[in-house]
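A.B. asks: Here's a structure for you.
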Amino acid sequence: MASFFGRTIAAKLGKTLQQPEDVFIPALSAVPIFKKQQTADLRLSISILRSNGVLPASGDIQAQTEHLANQLKRDNVVEDIAAGSAVINFKINRKLLAQKVLEPFATGHRDKIVLHSELFDSLKKGTTLVEYSSPNIAKKFHAGHLRSTIVGNFIANLKESLGNKVIRMNYLGDWGMQFGLLGAGFSQFGSQEQLKENPLQHLFEVYVKVNKAAEHNEDTVLAARDFFRQLEQKESGATSLWQQFRDITVSEYGRVYERLGVHFDVYSGESFHQERVQEVVRRLRKRGLLKTTEQGTGVVDLSAGDQSNVCTVLRSDGTSLYITRDIAAAIDRKEKYHFDEMIYVTDKSQTHHFQQLFQILQAMGHSWADRCHHVPFGLVKGMKTRTGEVVFLEDVLDEARARMLRNMSQSKMTKETDDPEDTAQKVGISALIVQDFKGALQGDYKFDWDKMLQAEGDTGVFLQYTHARLCSLIERNDHVDASTFDPSFLSEQSGVSILQHLLRYDEVLYQSAQDLQPKHLLNFLLKLCHLAALAHRELLVKGSPQQVAQARKRLFCGTCSVLANGMRILGIMPVDKM
1017 MASFFGRTIA AKLGKTLQQP EDVFIPALSA VPIFKKQQTA DLRLSISILR
1067 SNGVLPASGD IQAQTEHLAN QLKRDNVVED IAAGSAVINF KINRKLLAQK
1117 VLEPFATGHR DKIVLHSELF DSLKKGTTLV EYSSPNIAKK FHAGHLRSTI
1167 VGNFIANLKE SLGNKVIRMN YLGDWGMQFG LLGAGFSQFG SQEQLKENPL
1217 QHLFEVYVKV NKAAEHNEDT VLAARDFFRQ LEQKESGATS LWQQFRDITV
1267 SEYGRVYERL GVHFDVYSGE SFHQERVQEV VRRLRKRGLL KTTEQGTGVV
1317 DLSAGDQSNV CTVLRSDGTS LYITRDIAAA IDRKEKYHFD EMIYVTDKSQ
1367 THHFQQLFQI LQAMGHSWAD RCHHVPFGLV KGMKTRTGEV VFLEDVLDEA
1417 RARMLRNMSQ SKMTKETDDP EDTAQKVGIS ALIVQDFKGA LQGDYKFDWD
1467 KMLQAEGDTG VFLQYTHARL CSLIERNDHV DASTFDPSFL SEQSGVSILQ
1517 HLLRYDEVLY QSAQDLQPKH LLNFLLKLCH LAALAHRELL VKGSPQQVAQ
1567 ARKRLFCGTC SVLANGMRIL GIMPVDKM
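Heads up: the sequence shown begins at 1017 in my numbering, then just goes up one per residue.
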């Protein structure tokens, strides 16, 4: 949102230093605001200009800063210029600041806003394929897959908001010996009737029973191997049962994803790439990359003698491994979707796996492998419900909704809603997401129900409460027409602070796109909520003179729009009442 002002200041600098104005854009940024402290609006980093060769890299940097600041003249856009510590600070004309920042919100509050920022021009556009969630079929959705689901959803939303075409892919664990066990077990312990009544619970029970049986009965193990052989050879009885398990799982998972507000364009899986595996093996052999060990396994040496980086791609019996299927899947996706980048979202224990995957793809001659990225995340510790250790995600979602519903019923601030359960569910899920996104993704964190669901402090409940409060304010003042407004009526510091903060929105999205970390956007939105709470107390709309009311309503419309837009990028569904 600072683009107009950044370009104006860059033009002023270009004219003064006889340089193209584009060279100054990377050195200009909006100034973060601090509580009860007036700040400048934009600043120029002299260090960046020196490192980019725009200014001489030698000499006293502070003298350079002050000399350049003294050369620059104020005008009708920039009303104050001051040298700081290796930065030059610019204060924008207050009337123009309000006019330009709130320009996109003439039609009122909306959560879909189109940002035009020069910062985004440097980001690579095109098709982004994001693989995330990726649970195993024929099992209830484990709570451990929550992080991959919500982090992947954030990345897909972010890329989409920045103009990329995004393919959201769920790569299901739908192949391997466990399906031999499940298939053999279903013939012993399964029931089509129970499968219809409670599909994933029944399959879970069958799997537990057959695993126990396999521990003491060699015939069960042989039956499992035989069933998996039938699957690999595409015998109709085995593939029909496997397909039934897969279809049931996708349907059941769909309900969980709907609750989370998550959707996928493609449901893929390991099974899709069985035939391609042999082609991968042939290519590895042809390039001289595949070696056979004394034990008969097939390996690719990625380390020039360092045995710690030898990757096994075939078992001694010639069957494929997970990484072999991942190689086949990556090649297939490139050919099918022509992606410009592919992002895998999994826990950090798989970091080495993806390093090897990308190395093997490069060694096979696929130069696009350097556009494949792994986004790792840490563990969630202590995720429990009242009944004890959590196993399934639906248990967590149910408990979040129940706790939130109870909190809402006990709060004097809660307004009557059409569907309290739906509101409680959305607020409970936003609390889960905010707790998860507060820190760096690679860090582990301790799950805490009480902190997560607090209405005060930096929580998902606070985000939702602020949004609902702003929606209520806008609705109560529906008679005030804010499509036109006089920006000179937004001179109070609490309003100016919001305008200054909104200047940073495109920078925050740009920063998020650089490292794919949600914490930047989340912290920006939480700060916006605190500023909005102060402005809500100080800048009354109701009872104010018409022009004052119009200007303040326009400010709150803009605040609400950016808040809702940012929440949706994070994967949080905003509620209008609570």
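Glycine included, C-beta positions come from ideal geometry on N, C-alpha and C. For clarity, every value in this text was computed on a predicted model and none was experimentally measured.
(1) Return the residue from the list Ile-1041, Ala-1159 and Val-1293 that minimises the CA-CA distance to Asp-1342.
(2) Between the beta-carbon of Ser-1164 and the beta-carbon of Ser-1177, is there less than 7 Å?
(3) Taking the C-alpha atoms as reference points, what is the distance between His-1495 and Ser-1427?
(4) When you compare the CB of Gln-1366 with every CB in chain B, is at least one pair closer than 7 Å?
(5) How is His-1161 classed by DSSP in three states: helix, strand or coil?
(6) Please report how far the alpha carbon of Ala-1345 lies from the alpha carbon of Glu-1286, in whole angstroms.
(7) Using 7 Å as the threshold, is the C-beta distance between His-1517 and Ile-1049 below it?
(8) What whole-angstrom Cβ distance do Ala-1102 and Leu-1506 have, given they're in contact under 8 Å?
(9) Could you pull the start and end residues of the beta strand (DSSP E) that Val-1578 belongs to?
(10) Looking at the unbroken beta strand (DSSP E) that takes in Thr-1362, where does it start and where does it end?
(11) With a cut-off of 8 Å, do at least 3 Cβ pairs link the region 1312-1332 to the region 1353-1362?
(12) Quick check on Thr-1232: buried or exposed, where buried means 16 or more other Cβ atoms within 10 Å of its Cβ?
(13) Do Leu-1486 and Phe-1540 have their CB atoms nearer than 7 Å?
(14) Starting from Lys-1454, follow the alpha helix (DSSP H) in both directions and report where the run begins and ends.
(15) Looking at the structure shown, is Phe-1106 part of a helix, part of a strand, or coil, going by DSSP?
(16) Less than 7 Å separating the beta-carbons of Gly-1179 and Lys-1140?
(17) Ends of the beta strand (DSSP E) at Lys-1307?
(18) Could you check whether Ala-1043 and Leu-1065 sit closer than 7 Å to each other, using their CB atoms as the reference points?
(19) Under the rule that 16 or more other beta-carbon atoms within 10 Å means buried, what is Ser-1513, buried or exposed?
(20) Here's the rule I'm using: 16 or more other beta-carbon atoms within 10 Å means buried, otherwise exposed. How should Ser-1383 be labelled?
(21) Report the partner residues of Asn-1152 according to the DSSP bridge assignment.
(22) If you drop the 5 nearest sequence neighbours on each side, which residues of the same chain put their C-beta closer than 6 Å to that of Leu-1542?
(23) Tell me the residue span of the alpha helix (DSSP H) that contains Leu-1257.
(24) Please look up how many angstroms separate the CB atoms of Lys-1462 and Lys-1397, rounded, as I've assumed it's under 8 Å.
(25) Tell whether a beta-carbon distance below 7 Å holds between Gly-1277 and Met-1589.
(26) Output the residue ranges of the beta strand (DSSP E) runs that lie fully inside the region 1027-1112 and measure 3 residues or longer, sorted by chain position.
(27) Measuring alpha carbon to alpha carbon, tell me which of Phe-1195, Val-1093, Gly-1100 and Val-1094 ends up nearest Thr-1081.
(28) Taking only the alpha-carbon atoms, compute the straight-line gap between Gly-1253 and Gly-1199 and give it to the nearest angstrom.
(29) So Val-1222 is in the alpha helix (DSSP H); what residue range does that whole segment cover?
(30) Using 8 Å as the threshold, is the region 1183-1203 in touch with the region 1540-1559, meaning 3 or more CB pairs across them?
C.D. replies: So, from the listed chains and residues:
(1) Val-1293
(2) no
(3) 30 Å
(4) Within the model displayed, chain B is absent; a lone protein chain is all it includes.
(5) helix
(6) 8 Å
(7) yes
(8) Not confirmed; about 32 Å, so no contact.
(9) Element bounds for Val-1578: not the beta strand (DSSP E) but the alpha helix (DSSP H), 1562-1586.
(10) 1357-1363
(11) no
(12) The sequence shown places His at residue 1232, rather than the Thr named in the question. Looking at its Cβ environment, which holds fewer than 16 other Cβ atoms inside 10 Å, His-1232 is exposed.
(13) no
(14) Run containing Lys-1454: none; DSSP gives neither H nor E here.
(15) strand
(16) no
(17) 1306-1308
(18) yes
(19) buried
(20) exposed
(21) Gly-1189
(22) Asp-1474
(23) 1252-1276
(24) 5 Å
(25) yes
(26) 1044-1046, 1058-1061, 1094-1099 and 1103-1108
(27) Gly-1100
(28) 10 Å
(29) 1215-1232
(30) no
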